[in-house]
Every structure is written in C-alpha cells, then in structure tokens.
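If you read the protein sequences in the order shown, they are chains A and B.
Just so you know, the numbering used here puts 54 at position 30 of the first sequence, and the rest follows in order with no gaps.
Just so you know, the numbering used here puts 282 at position 113 of the second sequence, and the rest follows in order with no gaps.
Cβ coordinates follow ideal geometry from the N, Cα and C atoms, glycine included.
Quick caveat, the model's predicted, so the values are computed rather than measured.
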Amino acid sequence: AQKITQTQPGMFVQEKEAVTLDCTYDTSDPSYGLFWYKQPSSGEMIFLIYQGSYDQQNATEGRYSLNFQKARKSANLVISASQLGDSAMYFCAMREGGYKLVFGAGTILRVKS
Amino acid sequence: SAVISQKPSRDICQRGTSLTIQCQVDSQVTMMFWYRQQPGQSLTLIATANQGSEATYESGFVIDKFPISRPNLTFSTLTVSNMSPEDSSIYLCSVLTGQGQSETQYFGPGTRLLVL
Numbered sequence: 025a026q027k028i029t030q031t032q033p034g035m036f037v038q039e040k041e042a043v044t045l046d047c048t049y050d051t052s053d054p055s056y057g058l059f060w061y062k063q064p065s066s067g068e069m070i071f072l073i074y075q076g077s078y079d080q081q082n083a084t085e086g087r088y089s090l091n092f093q094k095a096r097k098s099a100n101l102v103i104s105a106s107q108l109g110d111s112a113m114y115f116c117a118m119r120e121g122g123y124k125l126v127f128g129a130g131t132i133l134r135v136k137s
Numbered sequence: 170s171a172v173i174s175q176k177p178s179r180d181i182c183q184r185g186t187s188l189t190i191q192c193q194v195d196s197q198v199t200m201m202f203w204y205r206q207q208p209g210q211s212l213t214l215i216a217t218a219n220q221g222s223e224a225t226y227e228s229g230f231v232i233d234k235f236p237i238s239r240p241n242l243t244f245s246t247l248t249v250s251n252m253s254p255e256d257s258s259i260y261l262c263s264v265l266t267g268q269g270q271s272e273t274q275y276f277g278p279g280t281r282l283l284v285l
C-alpha cells in the first residue's frame, strides 16, 4: 500500500494567492516525521518544512505552513502569497521508525502572473 | 542545516561504462544516503552509507551495481557500474542532521546522468 499519497498531479495558482498542496500518509508507527521538499527544474531538492508526529502546533516557515491533521493522517502544505519562483514540483515525504524517507509522487505547481 | 555538493553535476555516458559520483558535506554527519530519481518519477532510496561500515542497500539495489564508499564523515561516493540507458536518472546525495524529532534531511544538488 502506498504510504504517501499526493492526489494532485498538477495545480495552478494566481500570483499572490494562497495554494494548498495535499498529502495523506499511512503509518501505524506513533513516531514519524513529515517533510515537504521543492524541486525546481534544476533538479535540486530544497527542504521546506518539517512536522514531527508529536508536535502540538502546525509547523511554519516563512510563507510555508503545514496543516497537520493527525486523525485524518494528512499533512497539507499551504503556500501563502504565491510567487512566480514557487513554480516547481513539490514532494511530500515521511520518515517512520528508522531513517528512510518515503516520497509521494509529487505535485507540479504552476504560478500564473 | 548542511551544505552539500556533488560532482559531476551532469554527465553523458556510453552504455557499459561506469561513473563515480562524489558527495561532499560541509560538516561531519553520521548518516548519508543515496537516492535515485528516474525521469518523471519520485525519489527512491538506493542505500544508506555509514562511515566505517558497509552500506545498507534497499530492495532492488545491489552492491555490484552501485558500490558505495564512505571513507570519512564528510564524504561519500556512489558508482553506477556497467551502465545501461535504464540508469539514466538524477542521483542525489542526502544527509541527516539534528536530533530526535527535529532531525531533518537535506539533499545535494543532484547529478543528472544520461546513458546512451
């Protein structure tokens, strides 16, 4: 069974608007971590934000926030005030137990001017 | 955070040859990882490389095809051996930093490999 599901293959957002990228996960381990990465066309993987399973508050990093709903097993990424430079592939990933990261299929985000 | 560099950034190789990719980190890290990203796909872990021990390979990846070295806490190499066009991918080095729940994983810029 897939452990990380990103249901949106592609998304469009108007510049300066907010956008939510969906991610659901599946684990029975009480201790896990959820990550979001941005991959521009250059190919590098840029770390955006991290949420631990025991964290009480939703993680925020600048314009990025993680909407963590533990009971629903979802960890959606919210990007506020979208910029043209936000156009990229976005990956949700989970670490459970050990150190291995399992990635979702990714969502391509296109920001329109 | 960690600053990670990889060499080469990209290469075009002939089938049957081998390529060694280098990964350098600006600080000492215990765990380093090598991932592969095939065209249009997500990332898949190839192996975990710890200094002073043999690399641990994931299912579907073998040491003969992807030998890894980890001579010290800031450096690792991945060799893609006897290459075929199916090996055309981005290869990414990654390191684990921080402790406990605050552990974070950073990636290098990747090596784009095209095998003809």
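Near-chain A residues of the region 257-269 of chain B - C-beta to any C-beta below 7 Å: 259, 261 and 265
Looking at the structure shown, is residue 120 of chain A part of a helix, part of a strand, or coil, going by DSSP? The count along the first sequence starts at 1 and reaches residue 120 of chain A at position 96. DSSP places residue 120 of chain A in strand when its eight states are reduced to three.
If you run the structure through DSSP and keep just helix, strand and coil, what is residue 85 of chain A? By one-based count along the first sequence, residue 85 of chain A stands at place 61. Of the three classes helix, strand and coil, the one that applies to residue 85 of chain A here is strand, per DSSP.
What would DSSP say about residue 110 of chain A, mapped onto helix, strand or coil? In the first sequence, the residue the question calls residue 110 of chain A occupies position 86. Of the three classes helix, strand and coil, the one that applies to residue 110 of chain A here is helix, per DSSP.
In this structure, how does DSSP classify residue 64 of chain A when only helix, strand and coil are distinguished? Against the first sequence, residue 64 of chain A aligns to sequence position 40. Coil.
In terms of residue numbering, what span does the beta strand (DSSP E) encompassing residue 244 of chain B cover? The residue you call residue 244 of chain B lines up with position 75 of the second sequence. Note, residue 244 of chain B: beta strand (DSSP E), 244-249.
Which residues of chain B have a Cβ atom closer than 7 Å to the Cβ of residue 34 of chain A, listed in chain order? Your numbering for residue 34 of chain A matches position 10 in the first sequence. Those within 7 Å of residue 34 of chain A in chain B number zero; the least Cβ separation is about 13 Å.
Which residues bound the beta strand (DSSP E) around residue 35 of chain A? The residue given as residue 35 of chain A occupies position 11 in the first sequence. Per DSSP, residue 35 of chain A belongs to the beta strand (DSSP E) from 34-38.
Spell out whether any CB of chain A is found under 8 Å from the CB atom of residue 201 of chain B. In the second sequence, the residue the question calls residue 201 of chain B occupies position 32. Answer no: the Cβ-Cβ gap between residue 201 of chain B and chain A never drops below 8 Å.
Distance, Cα to Cα, residue 202 of chain B vs residue 56 of chain A? The residue given as residue 202 of chain B occupies position 33 in the second sequence. The residue given as residue 56 of chain A occupies position 32 in the first sequence. In a straight line, the C-alpha of residue 202 of chain B is about 18 Å away from that of residue 56 of chain A.
Where do the N-terminal and C-terminal ends of the beta strand (DSSP E) with residue 260 of chain B fall, by residue? Here residue 260 of chain B refers to the residue found at position 91 of the second sequence. Counting along the chain, the beta strand (DSSP E) containing residue 260 of chain B begins and ends at 258-266.
C-alpha gap between residue 182 of chain B and residue 283 of chain B, whole angstroms: Along the second sequence, read from residue 1 onward, the residue named residue 182 of chain B stands at position 13. Along the second sequence, read from residue 1 onward, the residue named residue 283 of chain B stands at position 114. So the alpha carbons of these two residues sit roughly 6 Å apart.
Based on the DSSP secondary-structure assignment, which residues constitute the bridge partners of residue 216 of chain B? The residue labelled residue 216 of chain B in the question sits at position 47 within the second sequence. Note: residue 216 of chain B is bridge-paired with B/203 and B/226 in the DSSP secondary-structure output.
When B/188, B/218, B/256 and B/273 are compared against residue 208 of chain B, the one with the closest alpha-carbon: The count along the second sequence starts at 1 and reaches residue 208 of chain B at position 39. Of the candidates B/188, B/218, B/256 and B/273, the one whose C-alpha sits nearest the C-alpha of residue 208 of chain B is B/256.
Please go through the same chain and pick out, in chain order, the residues whose beta-carbon is closer than 7 Å to the beta-carbon of residue 112 of chain A, but skip the five residues on each side of it. For this step, residue 112 of chain A is matched to residue 88 along the first sequence. Excluding positions up to five away in sequence, the list reads 62, 63, 64 and 133.
Bridge partners for residue 132 of chain A per DSSP, in chain order? In the first sequence, residue 132 of chain A corresponds to position 108, counting from 1. According to DSSP, which records beta bridges pairwise, residue 132 of chain A is partnered with A/34 and A/113.
From which residue to which residue does the beta strand (DSSP E) around residue 171 of chain B run? As a first step, residue 171 of chain B is located in the second sequence; it is residue number 2 there, counting from the start. Element bounds for residue 171 of chain B: n/a, residue is neither H nor E.
Nonlocal neighbours in the same chain, by C-beta distance under 8 Å from residue 173 of chain B, ignoring five residues either side: Position 4 of the second sequence, counted from the first residue, corresponds to residue 173 of chain B. Here the set comprises 192, 193, 194, 195, 262, 263, 264, 275, 276, 277 and 278.
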